[in-house]
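The numbers in my numbering rise by one with no breaks, and the one at position 263 of the sequence shown is 1010.
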Amino acid sequence: MVFIAVFFGIVPSFLLVGLGGLLRNRLSENAWQGLDRLNFEILFPALLFVAAASRPIDPEKLFVMAPIVWGILSMGLVLGWFLRRVGPERFLDFAGAWQVCWRFNTALGLVSVGLLTHGGVGEMAVAVGMGVPVANLFAVSALSRGGALGLGATVAKIALNPFLLASLGGVVFGVMSWRLPTPIMAPIEMLARAAIPIALLSIGATMNWGALARLDRFNGAICAIKLVALPAFALGVSLALSLDPAIASVLIVFAALPTASAAHVLASAFGANRNLVATLIAQTTLLAAVTLPIWISVAELIFSTR
């Protein structure tokens, strides 16, 4: 039952990716890159802000969950670094793929927590609110250094990155329980709703469809880190700290999510290999149709009796 629910939660995303593949030749390469730029500068920042700001962030849960969320992302960062020797030769291309190890699909996360007995949207909102700024900080830092920028230029690019500014702004609004006036918030929400469909179409138009069916050593290791190692880490920490079942279950689901389509948008903006990142996004999402229901079932089995 869990498997079927999660699978059908993922199917619409794959249909849009497939549609992007069919439309690949209907638009020029410059047009697809222009859509990626639009997503980077406007649409995804709107989505990140809305995801963090649309629900109040409980300060008590924040203090418990934030360090663990940051630990999960850091574990992805560290484990991914060990793949440097078997990854792309150019560091910028490696950095584009490296971010797949810790980024997460917020939309699928909000769907998946609905299948949990313990925990729900409130806990996932805290995890997302704490995870988005750090995930973007890690990704932008790696990609900026991959672009061979000086220290000052790197710091400026990180500080002014639309993803980072939007996610930090959303966290502040969520923690303070602030709401923008409806005439302002409504168009931001409209922009946010456009971000994921456009990104998925671009992923389908960009990725190597032949590579989707086969995992080489590098891609396979990244998928294993994202879909197996990180949720196992979250499970271990939750048991070691005897966390509340609602928090523990959500942390495991959060760690088990496939990577975000924003990874492709960010890689494109910095000039990394878009094809590689698009393929990794599709691979982690496809494999998550199997692994995510398993981790949800594990969380239910272990924490439903606590």
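Where is the CB? At the ideal position from N, CA and C, for every residue including glycine.
For residue i, is the classification buried or exposed, using 16 other Cβ atoms within 10 angstroms of its Cβ as the cut-off for buried?
i, result
"Leu988", "exposed"
"Asp963", "exposed"
"Asn955", "exposed"
"Phe841", "buried"
"Val797", "buried"
"Asn836", "Per the sequence shown, the amino acid found at residue 836 is Glu instead of Asn. Glu836 comes out exposed."
"Met877", "buried"
"Ala968", "buried"
"Asn777", "exposed"
"Trp925", "exposed"
"Arg832", "exposed"
"Leu769", "exposed"
For the putative contact between residue i and residue j, defined by C-beta atoms under 8 Å, what is the C-beta separation to the nearest angstrom?
i, j, result
"Thr1031", "Lys973", "5 Å"
"Leu890", "Leu839", "7 Å"
"Ser1008", "Ile943", "6 Å"
"Val922", "Pro806", "7 Å"
"Ala886", "Gln846", "4 Å"
"Ile999", "Leu1023", "Not a contact, Cβ separation roughly 28 Å."
"Arg1021", "Thr929", "Rounded, the Cβ-Cβ distance is 37 Å, inconsistent with contact."
"Val860", "Gly867", "5 Å"
Of the residues the options, which one's Cα is nearest the Cα of residue i?
i, options, result
"Leu959", "Gly765, Phe755, Ile751", "Gly765"
"Ser1015", "Asn772, Leu862, Ala946", "Ala946"
"Ala1036", "Pro1005, Leu1027, Ile1049, Asn786", "Pro1005"
"Cys848", "Gly951, Ile1041, Val975, Pro992", "Val975"
"Leu884", "Ser914, Glu807, Leu863, Lys808", "Ser914"
"Met871", "Leu769, Ser801, Val825, Trp845", "Ser801"
"Phe980", "Trp817, Asn777, Val758, Ser1051", "Trp817"
"Ala995", "Gly967, Ile950, Trp1042, Gly834", "Trp1042"
"Leu857", "Arg831, Pro992, Ala1002", "Ala1002"
"Met822", "Phe787, Val881, Leu774", "Val881"
"Val1012", "Leu1034, Met937, Gly951", "Gly951"
"Pro992", "Val1045, Ala1025, Arg784, Arg940", "Val1045"
Is any heavy atom in the ligand GDP found nearer than 7 Å to the beta carbon of residue i?
i, result
"Ala906", "As presented, the structure is devoid of all ligands, the ligand GDP included, so that no description of it is given."
Is there contact here, the segment 809-816 with the segment 930-940, by at least three beta-carbon pairs under 8 Å? Counting Cβ pairs under 8 Å, fewer than three are found: no touch.
Three or more C-beta pairs under 8 Å: does that hold for the segment 847-861 against the segment 823-831? Yes, they touch.
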